[in-house]
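Counting in the working numbering, the sequence shown tops out at residue 484, every number present. Worksheet: one structure, shown below.
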Amino acid sequence: MRRRRAQTKFAAIDCAFAAASHRRREAAEATAMDGRNSTATQARHPLLRVVAALAFFGIGSTFATAQQSPATDWPTEKCNRYKKAYEQILNRQGKQGLSPEFLASHDAFLASNCQARAEVCARSKQELDIANKLVLMAMNSGMSGTFLPFYCRG
331 MRRRRAQTKF AAIDCAFAAA SHRRREAAEA TAMDGRNSTA TQARHPLLRV
381 VAALAFFGIG STFATAQQSP ATDWPTEKCN RYKKAYEQIL NRQGKQGLSP
431 EFLASHDAFL ASNCQARAEV CARSKQELDI ANKLVLMAMN SGMSGTFLPF
481 YCRG
């Protein structure tokens, strides 16, 4: 997303410089036709570049800020990513082979916005398979291993 915003800003600056170059060519042609001295026009162009660049940086940053969604805190963002991964896995695999305890403890973890003490114990082959996939998806989404709810007592 940052790369896209940077590309948008640079594209706007390129447009500003292209417009300034176009204006400079038009002014040079008009001066050549009029036979006037063009040093005053040439002296203003560096200033035009600076003003155009500043204007587009300001507009570009305002535009980029307007496109951003309202910021959520990191724990909520992690929980949203985790919920999405969990739903994707359940939609693909289904709940067959998952114990009621596994589902209930996992649902309690999600209901607490992923803030409750994590005690989801994966015991069956299907539960371990889902837990392993969730760990991989969580790591790929930028979460740490300490976030995950999987823990089995004795």
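Here a beta-carbon is modelled for each residue, glycine too, at the ideal position from N, C-alpha and C.
Residue range of the alpha helix (DSSP H) that includes methionine 467: 455-470
Which residues in the same chain have their Cβ closer than 8 Å to the Cβ of proline 405, if we skip the five residues on either side of it in sequence? Asn443, Cys444, Gln445
By how many angstroms is the C-alpha of cysteine 482 removed from the C-alpha of histidine 436? 13 Å
For alanine 452 and asparagine 410, what's the separation of their Cα atoms in angstroms? 21 Å
Close beta carbons around alanine 448, own chain, < 8 Å, minus the five adjacent residues each side: Phe439, Leu478, Pro479, Phe480, Tyr481
Mind checking leucine 304: buried by the 16 CB within 10 Å criterion, or exposed? There is no way to answer for residue 304, as the model of the chain reaches only from 331 to 484.
Is the beta carbon of leucine 458 closer than 8 Å to that of tyrosine 416? no
Start-to-end residues for the alpha helix (DSSP H) that takes in arginine 451: Sequence inspection shows cysteine at residue 451; the arginine mentioned does not correspond to that position. From DSSP, cysteine 451 is part of no alpha helix (DSSP H); its letter is neither H nor E.
Measuring alpha carbon to alpha carbon, tell me which of Gly475, Val450, Lys425 ends up nearest phenylalanine 432. Val450
Of the listed residues Lys425, Gly484, Lys408, nearest to isoleucine 460 (C-alpha basis): Lys425
Specify, as a first and last residue, the run of the alpha helix (DSSP H) that tyrosine 416 falls within. 404-423
My output table needs one value for cysteine 482: the three-state DSSP class, helix, strand or coil. coil
Might you give, ordered along the chain, the residues of its own chain that have their beta carbon closer than 6 Å to the beta carbon of serine 454, omitting 5 neighbours on each side? Gly427
With leucine 440 as the anchor, note down where its alpha helix (DSSP H) starts and where it stops. 430-441
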